[in-house]
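Residue numbers (our numbering), protein chains in the order written: chain A, 16 to 224; chain B, 36 to 157.
Just so you know, even glycine gets a beta-carbon here, dropped at the ideal spot from N, CA and C.
Just so we're clear, the structure is a prediction, and the values are computed from it rather than from any experiment.
Structure follows, in structure tokens:
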């Protein structure tokens, strides 16, 4: 599938009708999502034929992108039932089959490094401090091959240090810097739209067995 | 929810030492066709907890899986087809997943298990 086609399909998905501020719900735009998964597959072979988990899947954008790029099995995980319902509808619209699990990532029970790749656009930690690193910690525990994640560019050194030193990632690379459009979703947003600089990271977990 | 996902989920309630595998209470099971991918199945086989898969498949009404399996069996297409069916084509739509230690029920609705823990379970 071509990048443009992937981006176009993702652009047609339904997003959060009433985003929840305390969960930092923002849609992952089709521009970022398509490039993230396209890179994961074409530069690294981390998607096609693999088991892929989407942490904090929201309405399913990243997981569905993985499915469109021929991931063999996709699991979307999120704490919010309303988002999962939309993810389910989006999967139906694209005639794709993905598994969805409602859970809190921080106390998820999982049996070892059984997925190949985790893709995620985690909360940045503006509402619940450290949420982004909580997500990364669990992702590196369950992925055997790679973790793709978005983190604010301002946290770059912090992310690198924690991932390598505390989470034992065998590698932590910024693939590129992107601008993330955060539209005026919440009442406290004063501007109509704000660009946040985010890094697209690829982490390789330490192998346990 | 496919049994491939079930084979990875465990119960993480505070104090539980082994929350895997979750028992399945199946109220509604749906079969959905998926293209057969032998390479994927061969790669997946060593990562699967076989006994858990057999028990899960049985509770969904599928009894054709051998009780024990070793890696030499993945050369048999007949075996792979059964493995494929159990792992990827059976879906739990309605029912529950039960913690093997505490008996706690995690409901499954429209194929989505709710694994959220209560405050006192964390």
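Helix or strand or just coil, what does DSSP make of residue i?
i: residue 148/B; result: strand
i: residue 226/A; result: An answer regarding residue 226/A cannot be provided, because it is not within the stretch 16 to 224 covered by chain A.
i: residue 143/B; result: strand
i: residue 38/B; result: helix
i: residue 155/B; result: helix
i: residue 222/A; result: coil
i: residue 87/A; result: coil
i: residue 159/A; result: strand
i: residue 37/A; result: helix
i: residue 80/A; result: helix
i: residue 184/A; result: coil
i: residue 121/A; result: helix
i: residue 99/A; result: helix
i: residue 111/A; result: coil
i: residue 31/A; result: coil
i: residue 63/A; result: coil
Starting from residue i, trace the beta strand (DSSP E) both ways and give me its first and last residue.
i: residue 61/B; result: 58-66
So, is residue i buried or exposed, given that buried needs 16 or more other C-beta atoms within 10 angstroms?
i: residue 103/B; result: exposed
i: residue 155/B; result: exposed
i: residue 51/A; result: buried
i: residue 50/B; result: exposed
i: residue 143/B; result: buried
i: residue 148/B; result: buried
i: residue 57/A; result: exposed
i: residue 153/B; result: exposed
i: residue 224/A; result: Only weak support is given to the placement of residue 224/A: the predicted model assigns it a pLDDT of 49, under 50, and the value that follows is read from those uncertain coordinates. That one is exposed.
i: residue 40/A; result: buried
i: residue 191/A; result: exposed
i: residue 28/A; result: buried
i: residue 169/A; result: exposed
i: residue 129/A; result: buried
i: residue 43/B; result: buried
i: residue 45/B; result: buried
i: residue 117/A; result: buried
i: residue 36/A; result: exposed
i: residue 136/A; result: buried
i: residue 157/B; result: exposed
i: residue 55/B; result: buried
i: residue 181/A; result: exposed
i: residue 73/B; result: exposed
i: residue 68/A; result: buried
i: residue 89/A; result: buried
i: residue 159/A; result: buried
i: residue 41/B; result: buried
Using the DSSP secondary-structure output, state which residues sit across from residue i in a beta bridge.
i: residue 135/A; result: 70/A, 164/A
i: residue 92/A; result: 70/A, 116/A
i: residue 195/A; result: 211/A
i: residue 217/A; result: 163/A, 188/A
i: residue 44/B; result: 125/A
i: residue 130/A; result: 158/A
Which residue comes first and which comes last in the alpha helix (DSSP H) that contains residue i?
i: residue 50/A; result: 45-57
i: residue 172/A; result: 171-176
i: residue 19/A; result: 18-26
Taking 9 Å as the CB-CB limit, is residue i close to chain C?
i: residue 122/A; result: Judged by its chain identifiers, the structure shown contains no chain C, and its protein chains are A and B.
Entirely enclosed alpha helix (DSSP H) segments - the region 49-137 of chain B, minimum 4 residues: 73-79, 85-94, 112-119
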